[in-house]
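Inspection log for the structure reproduced underneath, given as structure tokens.
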């Protein structure tokens, strides 16, 4: 309980976010409104509260205005709460006496066309934030040690890169691969564009670096079957045909990759005359039949449709690369690419695309409403520019199918309690600010497990994830947010154990104290979900910074 | 923080304050960031909806829906759909609800106490074992049986709270309580006897041939 006598002085900082907020809400009205709220002694508008200038203003406010609660009304706490909290801390205010109000995502962005209604909603949210802020209590962060060992799930390019990078920094790495050998999808590739690197040689080089590295332990034919714990202290069960090994792990990198869609039932796919781009790689490696005269490549097979609405990004560059390789092996062959849109991002890919046209690769646009038809010796397509149907002779048809998520993505997502999106790809913490982290601390991701990526991107992401993962490893300890369950009223607790049975993390236990049976919170294990507080009929348990009183005050403020 | 933190008593508090609808959006089952928090939330919301139906508040005003953080368009659909539904229902205690204002707010006051109380929280907390692993005698209940039990508890708990609220205002006889609250006198008598045994209610005086009961000082 806050000391009632304490003079509560709340500072409200309203962020314009450039024009992101100020362009759509009436900031002057918000300022005027905020000044009248209870306990608010200081209000300031900033162009960017998160900029160095904005942060200094917060610090100045705390020092000069003697603020003991800070409310920032700006963007999302998912990205900026840590920054504002630590700024409060630097100015000598307990970081947990800070409250954030999201008037960008929840007001200006979603009510862009309704300035007045958006402003009213922002007022409601600010009023609620201020009401809660008045009741906030200081908290102390919880320190926890980190096992200096990383687990990398998936031995493809992303996983191998991350493992080597982590091991080279001196950390123990456990690499788990479900197949018999490392390499992943790279094992099925021939030459990698746009540099035409030999995939086999690249894989071998990577595998050699891993298997000879003293810091890396490789498990093949292996699966992670259990992961208990939290950042810094995971107990992971690795199951191989020879049994289960339990290893203590500090951080986890998910690099489970993807797989190419097998287009059963599409365009007469048979794996012989009509093959996928991945099968084409194998054929190119063996050397194509020199008698081939006409090859037709069809793009977006099984992607960008209702079932799989996303663009798999890398199939266009693969198609262009393979078209050129076909021409190289069989110089007389005619190669046509039937496409919907060409996704050739990056300077070198664009160059390769132009180059391919100069070398006589033919590009024909097709309409998904009127897709090409693969017939016995030809492909029938409507040419939108000529405005008529065309028949392209075809000894071979190559289908560019998308990369889809790994079969075990869902299983791993449940195991590690990290999200996947509607297409089965793992969902990063933030698309721009935390692209290689999960929202869950201590778990990172890289490569096609996240979204279809080419080799360069996969390598970059593997290195990036290793870099992110080495932050807690190098610190040797993590600070756990104290937004967790607490036994606020020990006398009320009857030690009934209902909360213990419901806690999803095993973070509660009953201990016998001199006051009788009482619940005890294992702070580092608690994630602060709040199930116990919503269950306790004695109202003895609560969640720091989300107490019944604070939430109740927000509800009341909303109703004001 | 998780939908599992949502205390049903706070839901009643919000409605009591005049909110017209509450939409709770949680993760998909099996996809909960807090493992099973959304199961807890769903069970509590379902129970609260049953209670609302009992007190004459349109249960559509409280809804538990699911979508993932990657599904913006689904979220928009859920919110728009709910918004439309609540607009159709109109303000709380109006045409959309069986019991009208201000009566509904009295009911919600009792409901808040019921939802904060021991009995209902205990039973809802034990829902999973009751349905999956059995109670301490190894009896496993069907969802239907469990809901029937919940409904019975809701009736009893609501009636007890209404009696206590009434007694808080003024001491009263069983007969008057029964007439005022439209509860059969035999049931009121049973509740009063139980409350007396718990020391929450005491005999104040005897008026004519009717004993008059009053609240004791003990906190409920």
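Residue numbers (this note's numbering), protein chains in the order written: chain A, 389 to 948; chain B, 35 to 254. Built from N, CA and C at the ideal position, the CB exists for glycine as well. The structure displayed is predicted, hence computed values, not measured ones.
Check each candidate in the options and name the one with the smallest Cα separation from residue i.
i: residue 893 of chain A; options: A:491, A:729, A:680 and A:873; result: A:873
i: residue 142 of chain B; options: B:238, B:72, B:92 and B:221; result: B:92
i: residue 679 of chain A; options: A:849, A:695, A:579 and A:715; result: A:715
i: residue 80 of chain B; options: B:161, B:196 and B:210; result: B:161
i: residue 49 of chain B; options: B:86, B:69, B:36 and B:175; result: B:86
i: residue 917 of chain A; options: B:56, B:66 and B:47; result: B:66
i: residue 699 of chain A; options: A:728, A:720 and A:709; result: A:728
i: residue 821 of chain A; options: A:746, A:404 and A:464; result: A:464
i: residue 114 of chain B; options: A:498, A:470 and A:805; result: A:498
i: residue 198 of chain B; options: B:232, B:173 and B:184; result: B:232
i: residue 629 of chain A; options: A:486, A:398 and A:607; result: A:607
i: residue 400 of chain A; options: A:448, A:798 and A:732; result: A:448
i: residue 123 of chain B; options: B:96, B:182, B:71 and B:109; result: B:96
So, is the C-beta of residue i closer than 9 Å to a C-beta in chain B?
i: residue 664 of chain A; result: no
i: residue 939 of chain A; result: yes
i: residue 825 of chain A; result: no
i: residue 352 of chain A; result: The question about residue 352 of chain A has no answer here: the residues shown for chain A are numbered 389 through 948.
i: residue 917 of chain A; result: yes
i: residue 927 of chain A; result: yes
i: residue 943 of chain A; result: yes
i: residue 405 of chain A; result: no
i: residue 389 of chain A; result: Unreliable positioning characterises residue 389 of chain A in this predicted model, as indicated by a pLDDT of 44, which lies under 50. The coordinate reading is nonetheless provided below. Chain B, which has no Cβ nearer than 9 Å to the Cβ of residue 389 of chain A, makes this no.
i: residue 527 of chain A; result: no
i: residue 839 of chain A; result: no
Is residue i helix, strand or coil when you go by DSSP?
i: residue 832 of chain A; result: strand
i: residue 907 of chain A; result: strand
i: residue 354 of chain A; result: As shown, chain A starts at 389 and ends at 948. That puts residue 354 of chain A outside it, with no answer to give.
i: residue 701 of chain A; result: coil
i: residue 536 of chain A; result: coil
i: residue 254 of chain B; result: Only weak support exists for where residue 254 of chain B lies, its pLDDT of 46 falling under 50; the value from the coordinates is given anyway. Residue 254 of chain B: coil per DSSP, three-state reduction.
i: residue 245 of chain B; result: strand
i: residue 432 of chain A; result: strand
i: residue 474 of chain A; result: helix
i: residue 407 of chain A; result: coil
i: residue 62 of chain B; result: coil
i: residue 761 of chain A; result: strand
i: residue 178 of chain B; result: helix
i: residue 40 of chain B; result: coil
i: residue 723 of chain A; result: strand
i: residue 119 of chain B; result: helix
i: residue 777 of chain A; result: strand
I believe residue i touches residue j by the beta-carbon criterion, under 8 Å. Please report the beta-carbon distance rounded to the nearest angstrom.
i: residue 445 of chain A; j: residue 456 of chain A; result: With a Cβ gap of about 17 Å, residue 445 of chain A and residue 456 of chain A do not count as contacting.
i: residue 867 of chain A; j: residue 530 of chain A; result: 7 Å
i: residue 551 of chain A; j: residue 563 of chain A; result: 5 Å
i: residue 584 of chain A; j: residue 846 of chain A; result: About 17 Å; that fails the 8 Å criterion.
i: residue 662 of chain A; j: residue 655 of chain A; result: 6 Å
i: residue 787 of chain A; j: residue 705 of chain A; result: Rounded, the Cβ-Cβ distance is 16 Å, inconsistent with contact.
i: residue 684 of chain A; j: residue 744 of chain A; result: Not quite, the Cβ-Cβ distance comes to about 15 Å (not below 8 Å), so this is no contact.
i: residue 701 of chain A; j: residue 840 of chain A; result: 5 Å
i: residue 612 of chain A; j: residue 626 of chain A; result: 6 Å
i: residue 912 of chain A; j: residue 532 of chain A; result: 5 Å
i: residue 250 of chain B; j: residue 228 of chain B; result: Going by Cβ atoms, the distance from residue 250 of chain B to residue 228 of chain B rounds to 14 Å, so no, they are not a contact pair.
If we define contact as Cβ-Cβ less than 9 Å, is residue i a contact residue for chain A?
i: residue 117 of chain B; result: no
i: residue 176 of chain B; result: no
i: residue 125 of chain B; result: no
i: residue 78 of chain B; result: yes
i: residue 96 of chain B; result: no
i: residue 230 of chain B; result: no
i: residue 193 of chain B; result: no
i: residue 74 of chain B; result: yes
i: residue 41 of chain B; result: yes
i: residue 68 of chain B; result: yes
i: residue 81 of chain B; result: no
i: residue 138 of chain B; result: no
Say the cut is 8 Å; is the CB of residue i nearer than that to a heavy atom of the ligand HEM?
i: residue 764 of chain A; result: Among the components of this structure there are no ligands whatsoever, and the ligand HEM is therefore not found.
Counting only beta-carbon atoms, is residue i nearer than 9 Å to chain C?
i: residue 54 of chain B; result: The structure shown contains no chain C; its protein chains are A and B.
>> So within the segment 824-882 of chain A, which uninterrupted alpha helix (DSSP H) runs reach at least 4 residues, ignoring any that extend past its ends?
In response: 843-863
> Of all the beta strand (DSSP E) runs that stay within the bounds of the segment 617-648 of chain A, which reach a length of 3 or more residues?
Replying inline: 621-628, 631-637, 639-642 and 646-648
> What runs of the alpha helix (DSSP H), each 4 residues or longer, lie entirely inside the segment 501-569 of chain A?
Replying inline: 503-521 and 545-556
> Can you list the beta strand (DSSP E) stretches of 3 or more residues lying completely in the segment 181-231 of chain B, in chain order?
Replying inline: none
> Which runs of the beta strand (DSSP E), 3 residues or longer, sit entirely within the segment 81-132 of chain B?
Replying inline: Segments of the beta strand (DSSP E) lying fully in the segment 81-132 of chain B: 96-100.
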